[in-house]
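Chains A and B are the protein sequences, given in the same order.
Each position in the first sequence, counted from 1, maps to that position plus 14 in the numbering used here.
Each position in the second sequence, counted from 1, maps to that position plus 125 in the numbering used here.
Ideal placement from N, C-alpha and C gives every residue a C-beta, glycine not left out.
Predicted, not measured: the structure shown is a model, and the values here were computed from it.
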Amino acid sequence: MNDATPQTYTLAILAEITGVSTQTIVLYQEHGLIRPDFDDETVRALRRIEHLRETCELNLAGLKLLTSLLEEVEQLRSELRTLR
Amino acid sequence: MPAHFKDYYATLEIPRDASADDIKKAFRKLARKYHPDTAKDKKTAEEKFKEINEANEVLGDPEKRKKYDTLGANWQEPQASAAQEQDVHFGGTGFSDFFEQYFSGGSRYGFPQGFDEGIPTGAGRGRARRGHDIEGDILVTLEEAMHGTQRPISLQTVNRQTGAAQTHSFEVRIPPGATDGRRIRVPGQGEPGSNGGAAGDLYLRVRHASHPEFTTHETEVHHELDVAPWEAVLGAEVVVPTLDGSIKLRIPAGAENQQKLRVRGRGLPKGKTGERGDFFVTINVVLPTTLSETERALWEQLRNTSTFKPRA
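Here it is in structure tokens:
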């Protein structure tokens, strides 16, 4: 049984869950790769970023471009869904 | 995993060349008939309602429909299924195995299947490695989204090294106010880790089941209300369904077609605060198509005496 109520995490907890260092998280945050409030969506975003970094060997600029594009696609898809 | 071919056209009782509008209409008609709230035999109706929703999910989306049409009768031929072969399989999401296999299924990090296959990940051999995150969709009715619910889910993953299939069953809590597109994180239920690494997480993306009366946007609930021309012109009081019972709604005199009326706090719950989104009623003026003698005389009388000039 899981508790799926939306919960927010502190920087330290987020680092512990995702295995990403606090400095890197702050860096991503400063570059707008992740939202300032840390919740389950941030956990997902961080894991995706780390996965992309590993598999596609992207640098910060590449990650920034890709995450903003992915976000846009998702946003447009959901708008399209509402319109249908 | 054997999946049975689903004839979505038969489910919606429409021909294969039906237009997008026909699909919408057919879905609405059937969804009204089989909605678990209104149907007499709740158990069979629920099954049927899910099937209709799934058919609508595929046929109502031009891309998915195209894919479905090309699958056709050869859906089980090797090239068709081999390309789609996946090592993640869901149960209990409200979608059929067939749908899961071709239109949803589990994907890693929300990327298409096989996107990172064969790409060296830089991790050394023998190093503890965390399992991948898995993402999938879960069909949630608006009633479930309203009150929250618990759903049994089973997830079968295939270990890519050993080829052994593992099935996990667990309960997932859908919190009240789960909006469409929201992801529910289930820690540790993703792909198993290797060399002692932790398992990945499972993300279930909430997909609101289409409802015959309502659509949602975030926590807003929308309803389209058909009204007679005189109701819009003169104003009226009508009974409107909401997710938690009917309400009386006053249509103001001189209401415009497609005008939205807002009822505060009758939408989906917003988290734990007890606060709720708004309910919107869109006025849809419907014109009579068949007229009796008397009605015709009255419209004619209106035409002759009215000072309204729409093109002036």
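> Hey, quick one: how far does the beta strand (DSSP E) through T110/A stretch, first residue to last?
Replying inline: Limits of chain A in this structure are 15 at one end and 98 at the other, which puts residue 110/A out of reach.
> Who are the near neighbours of G219/B in its chain, counting only those whose CB is closer than 6 angstroms to its CB and skipping five residues on each side?
Replying inline: The count along the second sequence starts at 1 and reaches residue 219/B at position 94. K175 and L264.
> Taking the continuous alpha helix (DSSP H) assigned at Y227/B, which residues delimit it?
Replying inline: As a working mapping, residue 227/B is identified with position 102 in the second sequence. Segment D222 to Y227, the alpha helix (DSSP H) holding Y227/B.
> How would you call S431/B, buried or exposed, if buried means at least 16 neighbouring beta carbons within 10 angstroms?
Replying inline: By 1-based counting over the second sequence, the position of residue 431/B is 306. Label assigned to S431/B: exposed.
> Excluding five sequence neighbours on each side, which residues of the same chain lie with their C-beta closer than 8 angstroms to the C-beta of H257/B?
Replying inline: On the second sequence, position 132 is the one that residue 257/B refers to. Closer than 8 angstroms at Cβ, skipping near neighbours: R233, Y234, G315, E316 and G325.
> Is the beta carbon of I177/B less than 8 angstroms from the beta carbon of G217/B?
Replying inline: Locating residue 177/B in the second sequence gives position 52, counting from the first residue. Locating residue 217/B in the second sequence gives position 92, counting from the first residue. For I177/B and G217/B, no; Cβs fall outside 8 angstroms.
>> Can you check whether the C-beta of G399/B is within less than 8 angstroms of a C-beta belonging to chain A?
In response: Here the question's residue 399/B lines up with position 274 in the second sequence. False, the Cβ-Cβ gap to chain A never drops below 8 angstroms.
>> Here's the rule I'm using: 16 or more other beta-carbon atoms within 10 Å means buried, otherwise exposed. How should Q226/B be labelled?
In response: Reading the second sequence from its first residue, position 101 is the one you call residue 226/B. When all chains shown are included, Q226/B counts as buried.
> Could you check where the beta strand (DSSP E) with S279/B kicks off and where it finishes?
Replying inline: Walking along the second sequence from the start, residue 279/B turns up at place 154. T274 to V283 is the span of the beta strand (DSSP E), which, as asked, contains S279/B.
> Would you call V364/B buried or exposed, if buried means 16 or more other Cβ atoms sit within 10 Å of its Cβ?
Replying inline: Translated into the one-based positions of the second sequence, residue 364/B becomes position 239. By the neighbour-count rule (16 or more Cβ atoms within 10 Å), V364/B is not buried but exposed.
>> Looking at chain B, is there any beta carbon in it that lies within less than 8 angstroms of the beta carbon of E55/A?
In response: Taking the first sequence and counting its residues from 1, the one referred to as residue 55/A is at position 41. Chain B contact via Cβ: present.
>> Once DSSP output is grouped into helix, strand and coil, what is the label at G396/B?
In response: Along the second sequence, read from residue 1 onward, the residue named residue 396/B stands at position 271. Helix, per DSSP.
> According to DSSP, which residues form a beta bridge with Y328/B?
Replying inline: Within the second sequence, the letter at position 203 stands for residue 328/B. Its beta-bridge partners are E260/B and R310/B.
> Whose Cβ in chain A lies nearer than 9 angstroms to the Cβ of T340/B?
Replying inline: For the purposes of this step, residue 340/B is taken as residue 215 along the second sequence, with counting starting at 1. Residues of chain A passing the Cβ test: T96.
> When burial is assigned at 16 or more other CB atoms within 10 Å of the CB, is E85/A buried or exposed?
Replying inline: The residue labelled residue 85/A in the question sits at position 71 within the first sequence. That one is exposed.
> Looking at the structure shown, is G216/B part of a helix, part of a strand, or coil, going by DSSP?
Replying inline: Here residue 216/B refers to the residue found at position 91 when the second sequence is read from its first residue. Note: G216/B maps to strand in three-state DSSP.
> Between D369/B and V331/B, is the Cβ-Cβ spacing less than 8 angstroms?
Replying inline: Stepping through the second sequence from its first residue, residue 369/B is reached at position 244. Stepping through the second sequence from its first residue, residue 331/B is reached at position 206. Cβ distance not < 8 angstroms, so D369/B and V331/B don't count as in contact.
> In chain order, what residues of the stretch 307 to 318 of chain B put their CB closer than 7 angstroms to some CB of chain A?
Replying inline: R308, I309, R310, V311 and P312
>> Any beta carbon of chain A sitting closer than 8 angstroms to that of K194/B?
In response: Reading the second sequence from its first residue, position 69 is the one you call residue 194/B. Looking at the sequence shown, residue 194/B is not Lys but Asp. Not closer than 8 angstroms to any Cβ of chain A, the Cβ of D194/B fails to qualify, so no.
> Taking the alpha helix (DSSP H) that R440/B falls in, what are its first and last residues?
Replying inline: What the structure shows of chain B is the stretch from 126 to 437, and residue 440/B is not part of that stretch, so it cannot be assessed.
>> Please list, in chain order, the residues of the stretch 256 to 283 of chain B that have any C-beta partner in chain A closer than 7 angstroms.
In response: D258
>> Taking the straight line between their C-alpha atoms, what separation do you get for F224/B and K173/B?
In response: Taking the first residue of the second sequence as position 1, residue 224/B is located at position 99. Taking the first residue of the second sequence as position 1, residue 173/B is located at position 48. C-alpha separation (whole angstroms): 15 angstroms.
> What is the rounded straight-line gap between the Cα of R79/A and the Cα of I39/A?
Replying inline: Locating residue 79/A in the first sequence gives position 65, counting from the first residue. Locating residue 39/A in the first sequence gives position 25, counting from the first residue. One detail in the question is off: residue 79/A reads as Leu in this sequence, not Arg. L79/A and I39/A: Cα-Cα distance of roughly 17 angstroms.
>> Is the beta carbon of R308/B closer than 8 angstroms to that of N275/B?
In response: Here residue 275/B refers to the residue found at position 150 when the second sequence is read from its first residue. Here residue 308/B refers to the residue found at position 183 when the second sequence is read from its first residue. Correcting the residue type first, residue 275/B is Gln in the shown sequence and not Asn. No. Outside cutoff.
> Between N382/B, E349/B and V346/B, which lies nearest to V358/B when the distance is taken from Cα to Cα?
Replying inline: Reading the second sequence from its first residue, position 233 is the one you call residue 358/B. Of the listed residues, the one whose Cα sits closest to V358/B is N382/B.
> Got a sec: is the Cβ-Cβ distance from D146/B to anything in chain A below 8 angstroms?
Replying inline: The count along the second sequence starts at 1 and reaches residue 146/B at position 21. No, D146/B does not count as interfacial toward chain A.
> What's the C-alpha gap between L423/B and H333/B?
Replying inline: Residue 423/B sits at position 298 when you count from the first residue of the second sequence. Residue 333/B sits at position 208 when you count from the first residue of the second sequence. C-alpha separation (whole angstroms): 45 angstroms.
> Contact check, L350/B vs I408/B under 8 angstroms by CB: the rounded distance?
Replying inline: Walking along the second sequence from the start, residue 350/B turns up at place 225. Walking along the second sequence from the start, residue 408/B turns up at place 283. The pair is a contact, with the Cβ atoms about 6 angstroms apart (cut-off 8 angstroms).
> By how many angstroms is the C-alpha of F52/A removed from the C-alpha of Q204/B?
Replying inline: On the second sequence, residue 204/B is found 79 positions in, with the first residue counted as 1. On the first sequence, residue 52/A is found 38 positions in, with the first residue counted as 1. Low local confidence applies: a pLDDT of 45 at Q204/B is under 50, so the model's placement there is unreliable, and no value is given.
>> Can you tell me whether A151/B is helix, strand or coil according to DSSP?
In response: Numbered from its first residue, the second sequence carries residue 151/B at position 26. Helix at A151/B.
> Which of the three DSSP states, helix, strand or coil, is assigned to Q21/A?
Replying inline: The sequence position of residue 21/A within the first sequence is 7, counting from 1. Coil.
> Helix, strand or coil: how does DSSP classify P354/B here?
Replying inline: Walking along the second sequence from the start, residue 354/B turns up at place 229. Helix at P354/B.
> Should L296/B be labelled buried (16 or more other beta-carbon atoms within 10 Å of its own) or exposed?
Replying inline: Position 171 of the second sequence, counted from the start, is the residue given in the question as residue 296/B. A small fix is needed here, since residue 296/B is Glu in this sequence, not Leu. Under this definition E296/B is an exposed residue.
> In chain order, what residues of the same chain lie with their CB nearer than 6 angstroms to the CB of I372/B, ignoring the 5 residues before and after it?
Replying inline: Residue numbering aside, residue 372/B sits at position 247 when the second sequence is read from its first letter. Correct list, in chain order: V365.
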